[in-house]
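So the structure is just underneath, and the comments pick up after that.
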Amino acid sequence: MPPHHVSDPFGMVLICQSHCVYEDGIGRLPVIPKDWALHATHSAGEWVEQQFLAHVAERLLVDPPPELDVETMLSCGQLALLMAEAYRHTIKLDIDIIRYNEALSKRESGMNDAQEHALLAKFPPSEKIMLRHPAVVLDSGYRIILWYILDALAPWAQNDMFKATTAMGDLLKKSIVHRSGLGWRTHKSNFRPVDTKGLSPGCINITPCWFQQGHECYGPLPEDPDDGFKPEVSAMLKGERSLEMIIDIQRPALLASVALRVMHPQLYWASLRTHVELGRWSAQQGLHDMHRLLKHWASVYTGAAVMCNRDFPCHQDPKCLPKAFDILTCIGSYQHAIMHLTNLGINLAYNPGVMVSYSGRLVRHGIRVNEGDQIVWAWFMRDSMHNYARTPCPDYAGYNPADLDACILAKYNQADFMVYGTL
Numbered sequence: 011m012p013p014h015h016v017s018d019p020f021g022m023v024l025i026c027q028s029h030c031v032y033e034d035g036i037g038r039l040p041v042i043p044k045d046w047a048l049h050a051t052h053s054a055g056e057w058v059e060q061q062f063l064a065h066v067a068e069r070l071l072v073d074p075p076p077e078l079d080v081e082t083m084l085s086c087g088q089l090a091l092l093m094a095e096a097y098r099h100t101i102k103l104d105i106d107i108i109r110y111n112e113a114l115s116k117r118e119s120g121m122n123d124a125q126e127h128a129l130l131a132k133f134p135p136s137e138k139i140m141l142r143h144p145a146v147v148l149d150s151g152y153r154i155i156l157w158y159i160l161d162a163l164a165p166w167a168q169n170d171m172f173k174a175t176t177a178m179g180d181l182l183k184k185s186i187v188h189r190s191g192l193g194w195r196t197h198k199s200n201f202r203p204v205d206t207k208g209l210s211p212g213c214i215n216i217t218p219c220w221f222q223q224g225h226e227c228y229g230p231l232p233e234d235p236d237d238g239f240k241p242e243v244s245a246m247l248k249g250e251r252s253l254e255m256i257i258d259i260q261r262p263a264l265l266a267s268v269a270l271r272v273m274h275p276q277l278y279w280a281s282l283r284t285h286v287e288l289g290r291w292s293a294q295q296g297l298h299d300m301h302r303l304l305k306h307w308a309s310v311y312t313g314a315a316v317m318c319n320r321d322f323p324c325h326q327d328p329k330c331l332p333k334a335f336d337i338l339t340c341i342g343s344y345q346h347a348i349m350h351l352t353n354l355g356i357n358l359a360y361n362p363g364v365m366v367s368y369s370g371r372l373v374r375h376g377i378r379v380n381e382g383d384q385i386v387w388a389w390f391m392r393d394s395m396h397n398y399a400r401t402p403c404p405d406y407a408g409y410n411p412a413d414l415d416a417c418i419l420a421k422y423n424q425a426d427f428m429v430y431g432t433l
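For what it's worth, this note's numbering labels the leading residue of the sequence shown as 11, then goes sequentially.
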């Protein structure tokens, strides 16, 4: 892709290959209705991307959009600064994630010991790495595997997550199963009692529009909504508090989305187009509850898994698109935790306020907390929704060292740019 020229507010020209406007694959950008929550998210995302580039280039920052409240503006500003710090500190691994993905089974769970030993023999980590500072991890072809951002969540976002999770207590409590054979994700053996009054252990999925398990559709939109499987509102949002729940999570949803705008611009635009298309389709089909929830959904992600005091055995997520990034955010009263990324040879400090982004299919990950409460929100994509909306599949996110060199051009004054702006 040739460089895109992005005008900055000082009349300068900034050449960036990774951070640019990606059209939706059919020659136009998605139009977000102004009364949708995603409209505010998109506005914040544009500003965060500008702040990120300004921090990387060490130039003057850009004024925030007037519609952002102070707490959201400060939260976004903190996140942009830390993402720029991570972008400057890269770790390049020997692994080729395309070849690694080809070696995985279609339903790779990461929980078969024999399979894991075979994969480690074929793709051995060259060294053991402990991450305690923001960083971006790359594969051998400069494709981004991981974003790691400590202290990504400002106090207001952490407070929103805590209050919203507390309000979901009844749903979380009912999610835990006691019978074996129903999967580890909600089995009682993987949950710990809580220390904080009002919290409940559990794991639930929240999404305004997805396919129920086993019902994914990979064809065009049906004219008749009753013709075959179709997207539905998740079970957790079919109660009386559904709209209230979505509004409660709007700021954390916005932060995960603006982070994705920087981390994987092509995926951000693809998901934005999908949500706009699903909103149009749900209105045409008279699916009023779904349309109302989509209108107030502030995330470009398909949904969020809300987990409280759940241990994560080392595993992989087969439904994750290898070219996509999930975003995990974490808060709680626990003091320290380590996330193990066993197939990469990486351990990282998983402290409250952290944000970690990667493909759950490609990265085998696990976490265990022995003391204190831990709340994790995992923002996830479902490729079946992109397929249903006929959104083209995004590519892997790439890291281009030339981006940093190009951004440094912005440190010249405007007279210099009259000479050098066309380079």
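For glycine and all other residues, C-beta sits at the position ideal for the given N, C-alpha and C.
Between the options, which has its C-alpha nearest residue i's C-alpha?
i: D45; options: E77, L63, V58; result: E77
i: I216; options: L160, A314, R69; result: A314
i: S367; options: Q345, A269, R392; result: A269
i: L98; options: I108, I259, S119, I159; result: According to the sequence displayed, residue 98 carries Arg and not Leu. Out of I108, I259, S119, I159, I159 has the C-alpha closest to the C-alpha of R98.
i: H306; options: G355, M255, L354, L338; result: M255
i: L84; options: C330, W166, I105, R283; result: W166
i: G193; options: Y409, S119, D170; result: S119
i: Y360; options: Y344, A245, I186; result: Y344
i: K184; options: K138, P323, A245, M171; result: A245
i: V66; options: Q295, L331, D106, E95; result: E95
i: R400; options: W291, G208, A124, V41; result: W291
i: S369; options: K138, D73, K329; result: K329
i: C403; options: P411, L351, A280, A388; result: A280
i: N111; options: T339, L331, C213; result: L331
i: P63; options: M93, A113, H346, P74; result: Checking the sequence, you will find Leu at residue 63 rather than Pro. That would be M93, whose Cα lies nearest to the Cα of L63.
Need the endpoints of the alpha helix (DSSP H) that residue i sits in, please.
i: Y158; result: Per DSSP, Y158 belongs to no alpha helix (DSSP H); it is in the beta strand (DSSP E), 154-159.
i: F322; result: First-last for F322: 322-325, but that is the beta strand (DSSP E), not the alpha helix (DSSP H).
i: Q88; result: 80-98
i: L5; result: In this structure the chain extends from 11 to 433, so residue 5 is not present and cannot be described.
i: K305; result: 298-306
i: D73; result: First-last for D73: undefined, no H or E at that position.
i: T51; result: 47-67
i: Y110; result: 107-113
i: N397; result: 393-398
How is the beta strand (DSSP E) around residue i delimited, first residue to last?
i: M365; result: 365-368
i: L270; result: Where L270 is concerned, there is no enclosing beta strand (DSSP E), although the alpha helix (DSSP H) it sits in stretches over 260-273.
i: V6; result: This structure does not reach residue 6, given that the chain is present from 11 up to 433, and the question cannot be answered.
i: F172; result: It is not in any beta strand (DSSP E) - F172 instead sits in the alpha helix (DSSP H) that spans 165-177.
i: A145; result: 145-148
i: L141; result: 139-141
Let me confirm a value: residue i is counted as buried when at least 16 other C-beta atoms fall within 10 Å, else exposed. Which label applies?
i: R374; result: buried
i: K240; result: buried
i: L103; result: buried
i: H188; result: exposed
i: D336; result: buried
i: K333; result: buried
i: N122; result: exposed
i: S136; result: exposed
i: E68; result: exposed
i: R283; result: buried
i: D405; result: exposed
i: E250; result: exposed
i: E33; result: Since pLDDT at E33 reaches only 43, below the 50 mark, its modelled position is unreliable, and no value is offered.
i: V31; result: With a pLDDT of 44 at V31, under the threshold of 50, the predicted position of this residue should be treated as unreliable, though the coordinate-derived value follows. Exposed.
i: L303; result: buried
i: V204; result: buried
i: S115; result: exposed
i: A412; result: exposed
i: L372; result: buried
i: V379; result: buried
i: G342; result: buried
For residue i, which beta-bridge partners are listed by DSSP?
i: E242; result: W220
i: H350; result: N357, G376
i: A388; result: A315, L338
i: G212; result: C318
i: V187; result: H197
i: K207; result: Answer is none; K207 lacks a bridge partner.
i: I101; result: V147
i: G408; result: R153
Step through the CB atoms of chain D and report whether any lies within less than 8 Å of the CB of residue i.
i: V379; result: The chain inventory of the structure shown lacks chain D, comprising one protein chain alone.
> Do three or more CB pairs link the stretch 51-61 to the stretch 290-304 at distances below 8 Å?
Replying inline: no
> Is it true that the stretch 390-399 meets the stretch 143-156, where meeting means three or more beta-carbon pairs spaced less than 8 Å apart?
Replying inline: no
> Per the contact definition of three or more C-beta pairs closer than 8 Å, is the stretch 276-284 in contact with the stretch 371-386?
Replying inline: no
> Hey, is the stretch 133-150 in contact with the stretch 317-327, meaning 3+ C-beta pairs nearer than 8 Å?
Replying inline: no
>> With three or more C-beta pairs closer than 8 Å as the rule, is the stretch 164-182 touching the stretch 126-137?
In response: no
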